[in-house]
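Enquirer: I have a structure here, written as structure tokens, and I will follow up with some questions on it.
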Amino acid sequence: MASLVSVYPLVTARALARPFTYLAEGVDKGAVVTVPFGRARRRGVVVGLADDAPPDVEPVAVERVVGSVPPALVDLALWLADYYGSTPARALSLVAPSSPARRKGAGRRAVKDDLPAEDVPRDLTQGQQLAVDRIVTALEAGGGNFLLYGATGSGKTEVYLRACAEALARGRGAIVLVPEIALTPQAAGRFRGRFGEHVAVLHSSLSEAERRDERERIAEGEARVVVGARSAVLAPVRNLGLICVDEEQDPSYKQESDPRYDARALAAKRAALEGAVAVYGSATPRPESWARLERLEVGGRLARPLPPVKVVDLRREAGYPLSAPLLAELGAIADGGGKAILLLNRRGIAPAVHCRACGATRRCASCDVALTLHGDRRLHCHHCGFQEPAPTLCSDCGAAELARLGAGSERLEAELADRLPELELFRLDADVATSASALAERLSGFSAADRAVLLGTQMVAKGHHFAGVTLAAVVDADTGMALPDFRAEERTFQLVTQLAGRSGRDAPGRVLVQTYQPDSRPVALAARHAVEEFLTGELARRRELGYPPFRHLVRVTVAGPTADGPQAVLGELRAELEQVQDTELLGPAPLLRLRGRHRAQLLAKTGNPRPIAARVGRLLVAAAPAMRRDGLSSSVDVDPQGVS
Ligand SMILES: [Zn+2]
Ligand SMILES: [Zn+2]
């Protein structure tokens, strides 16, 4: 017998963000169907039975069932849409398969019955064993959330591997999230080595067909351990028991386009919905996790103590970006062998070109930022991609006294090649790592080389495990601290600490940090590996200022062709939000112009973001026709990453 079902057609328009009623037979929650919609045919997801058709509407039948989503993932997607101020259809699109499953020949892929035993360390440390035991207890008791805290190299991955094995032994599946899979091929390799064909790896360079095949292996229960970046938190793993979030402090876990979800928050929600355990691992945890989660401590580095950190005061040492102490360390590698990793978190030759005569800085015509000089002798805008030939004369006063301010990764590479030609250089930044294969080539080149330097942006600080690295250096620790972001100190501390962890994993190592602010908290505490002291101070500061984890943030951004338009819309929005309880409103405040669009933001600090996000969503829908007429666009971001 046919019954009425509620279907969200997968359309992006906010105005259509409601379920529609159809007739269907034998169709359950989570079915992916095609339905007639307006004059077209759409895919949609069944979210449940409908009580009644709306009056005056004759419901029509769904056409076809083309796939399915586990009901728990439907609930997770609807929560995501609500919490992050998106629409159910946009969120359901993340979990619904994009096309009908392809049939595979039987035995296409051989599945090993037992788990290969190679590479399993016989004994765990006491800390590792206690962590695994606690995770297993929680798994059997119906779930929990933990912070797995330990220095780089302390064996956190082994805890994930053992916890996965324990979940599998109980008939449960597991998801392991890593920040950027292209940067951490070793992580996926260790899981494959331990669990063989039970592992599915989801990464951005998979083709659409490969992704569909992996998804099918997961949905059918053939692959029971999923390793992947952010979106793998939504993988259709059966009977999920465990979610591990490695390097939980990494900002790439937040999606920066609608739906602007945070995979870490989703992991906690999914674990709660499915009775699973969520484990967040880090050597430099977020203050949020430090304050909220039960801690499992695996202690210090396994093989060797953390290397000593030397702070180089750039106010006293000339030669930036290569000070005398840094050159001496690199010279020792050139003479005696070894490897170095150098972090300079800025691309190009120089971040600004400045006129010595009149003081003007060459800026992008459509964004309020200085243009960066690159090695191709052109000025680039890092926001909109605009380029122009580097000028020889100042465009304001005509003087020929143009100075390059600061240093980027290309300049560092050029100076190293000039000063220490014996060293083989491998640069890693967004200008050269344009594909996964280009990236892998450089990483394997560095891995095989001797007397070599890996240099570049924060990509070099991620979880690579290179043998023979004896020096790690932060060329300019101040780049991050100048950013107008309440997380600037946290990011600087994490970056310095992580880079320090790359050195001396198998031989005595050295760490150098160059800075103009040697007494700043993040630099001084990272130099002492004082993670807990940093987090305690950071939490006190955030409590005082009303930042996460004590308050949530909701940011509304409006962009338009004039400066006045966004300000006016946000001013009206502010007036409508004034009476919401337990909420402090900041702004509207102007933001940097981007791609020729003027922008402004309204920031809410609140104890409970959902009523604010929901109310903002309704107000923006009501304002949509007028905003469209005036060329204005808006976005809502709950718990955003970079906020001033
Ligand atoms: Zn000038
Ligand atoms: Zn620009």
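Here the sequence shown stands for residues 447 to 1090, numbered as in the numbering used here. C-beta: ideal position from N, C-alpha, C; glycine also. All figures in this text were calculated on a predicted structure; none of them were measured in a lab.
Which residues, in chain order, sit with a beta-carbon under 5 Å away from any heavy atom of ligand 1?
Expert: After applying the 5 Å Cβ criterion, the set is C801, A803, C804, A806, C840, D842, C843 and A845.
Enquirer: If you drop the 5 nearest sequence neighbours on each side, which residues of the same chain put their C-beta closer than 8 Å to that of A836?
Expert: Answer for A836: V799, L819, R823, R824 and L825, listed in chain order.
Enquirer: Write down every uninterrupted run of the alpha helix (DSSP H) in the stretch 607-635 whose length is 4 residues or greater and which is fully enclosed by it, in chain order.
Expert: The stretch 607-635 contains no whole alpha helix (DSSP H) run of 4 or more residues.
Enquirer: With a threshold of 7 Å on Cβ separation, who are the neighbours of G551 within its own chain once the five nearest residues in sequence on each side are excluded?
Expert: Here G551 scores only 43 on pLDDT, less than 50, and its place in the model should not be relied on; the value that follows carries that caveat. No residues qualify anywhere along the chain.
Enquirer: To the nearest angstrom, how far is the alpha carbon of V672 from that of K475?
Expert: Looking at the two C-alpha atoms, the distance is approximately 24 Å.
Enquirer: List, from N- to C-terminal side, the beta strand (DSSP E) runs of 3 residues or more that fit wholly inside the stretch 789-872.
Expert: 798-801, 824-826, 833-835 and 848-851, all fully within the stretch 789-872.
Enquirer: Where Y468 and V508 are concerned, what is the direct C-alpha to C-alpha distance, given to the nearest angstrom?
Expert: When rounded, the distance between both Cα atoms is 6 Å.
Enquirer: Within its chain, find whatever has a CB closer than 8 Å to the CB of A1060; leave out the 5 residues flanking it on each side and keep chain order.
Expert: Same-chain partners within the cutoff: D528 and G531.
Enquirer: Would you call the CB atoms of L1048 and G1063 closer than 8 Å?
Expert: For L1048 and G1063, no; Cβs fall outside 8 Å.
Enquirer: What three-state label does DSSP hand R510 in the structure shown?
Expert: Strand, per DSSP.
Enquirer: Per DSSP, what kind of secondary structure is P1086 in: helix, strand or coil?
Expert: Three-state result, P1086: coil.
Enquirer: With DSSP as the reference, identify every bridge partner of I1058, one or two as the case may be.
Expert: Answer is none; I1058 lacks a bridge partner.
Enquirer: Just the C-alpha distance for C813 and P1036, rounded to the nearest angstrom, thanks.
Expert: Each residue's Cα considered, the two are about 13 Å apart.
Enquirer: Would you say the beta carbon of H820 is closer than 7 Å to some non-hydrogen atom of ligand 2?
Expert: No.
Enquirer: Between G926 and V899, what straight-line distance do the alpha-carbon atoms span, to the nearest angstrom?
Expert: Their backbone Cα atoms lie some 22 Å apart in a straight line.
Enquirer: With distances taken Cα to Cα, identify the nearest neighbour of G494 among S881, V473, P797 and R488.
Expert: The shortest Cα separation from G494 among S881, V473, P797 and R488 belongs to V473.
Enquirer: My output table needs one value for L752: the three-state DSSP class, helix, strand or coil.
Expert: Three-state DSSP puts L752 in coil, outside helix and strand.
Enquirer: For G746, I'd like the list of residues in its chain whose CB is within less than 8 Å of its CB, leaving aside the five on either flank, ordered along the chain.
Expert: Closer than 8 Å at Cβ, skipping near neighbours: G596, A597, S600 and L752.
Enquirer: Would you give the residue range spanned by the beta strand (DSSP E) that L901 belongs to?
Expert: Run containing L901: A898 to G902, per the beta strand (DSSP E) assignment.
Enquirer: Quick one: which unbroken alpha helix (DSSP H) runs of 4-plus residues sit fully inside the stretch 492-541? Chain order, please.
Expert: Counting only runs of 4 or more, we get 517-529 and 534-541.
Enquirer: Just confirm the distance between the C-beta atoms of V758 and D692, as a whole number of angstroms; I'd bet it's less than 8 Å.
Expert: Actually they do not touch by this definition, with Cβ atoms about 31 Å apart.
Enquirer: For the putative contact between P754 and R997, defined by C-beta atoms under 8 Å, what is the C-beta separation to the nearest angstrom?
Expert: Contact flag wrong, Cβ pair sits at about 38 Å.
Enquirer: So, at 7 Å on beta carbons, what are the nonlocal neighbours of V557 in its own chain, with the 5 sequence-adjacent residues on each side left out?
Expert: Note that V557 scores 36 on pLDDT, short of 50, meaning its location in the model is unreliable and no value can be drawn from it.
Enquirer: Taking Cβ positions, are A863 and L871 nearer each other than 8 Å?
Expert: Yes, these two residues count as a Cβ contact at 8 Å.
Enquirer: Rounded to whole angstroms, what is the Cα-Cα separation between G950 and P682?
Expert: The straight-line gap from Cα to Cα measures roughly 40 Å.
Enquirer: Would you kindly work out how many angstroms separate the C-alpha atoms of R1043 and P705, rounded to a whole number?
Expert: Taking the straight line joining both Cα atoms gives about 22 Å.
Enquirer: Go through the residues and name those whose CB comes closer than 6 Å to any heavy atom of ligand 2, in chain order.
Expert: Taken from the N-terminal end onward, the list reads C810, S812, C813, C827, H829, C830 and F832.
Enquirer: When DSSP labels each residue in this structure, what does G472 get in the three-state scheme?
Expert: Coil, per DSSP.
Enquirer: So what does T1029 bridge to, in DSSP terms?
Expert: The partner list for T1029 (beta bridge, DSSP) reads T1052.
Enquirer: If you follow the alpha helix (DSSP H) that Q701 is part of, which residue opens it and which one closes it?
Expert: Looking at the DSSP string, Q701 is not in any alpha helix (DSSP H), and its letter there is neither H nor E.
Enquirer: Cα separation between V921 and R676?
Expert: Spanning the two alpha carbons is a distance of roughly 29 Å.
Enquirer: In three-state DSSP terms, what is E775?
Expert: Helix.
Enquirer: Based on the DSSP output, what are the partners of G745 in its beta bridges?
Expert: G596, per the DSSP bridge assignment.
Enquirer: Measuring only the C-alpha atoms, how far is I664 from R658?
Expert: Between I664 and R658, the C-alpha separation is close to 10 Å.
Enquirer: In whole angstroms, give me the CA-to-CA distance for V977 and D1076.
Expert: About 49 Å.
Enquirer: Can you give me the C-alpha to C-alpha distance between A907 and L885, rounded to a whole angstrom?
Expert: Taking the straight line from one Cα to the other gives about 14 Å.
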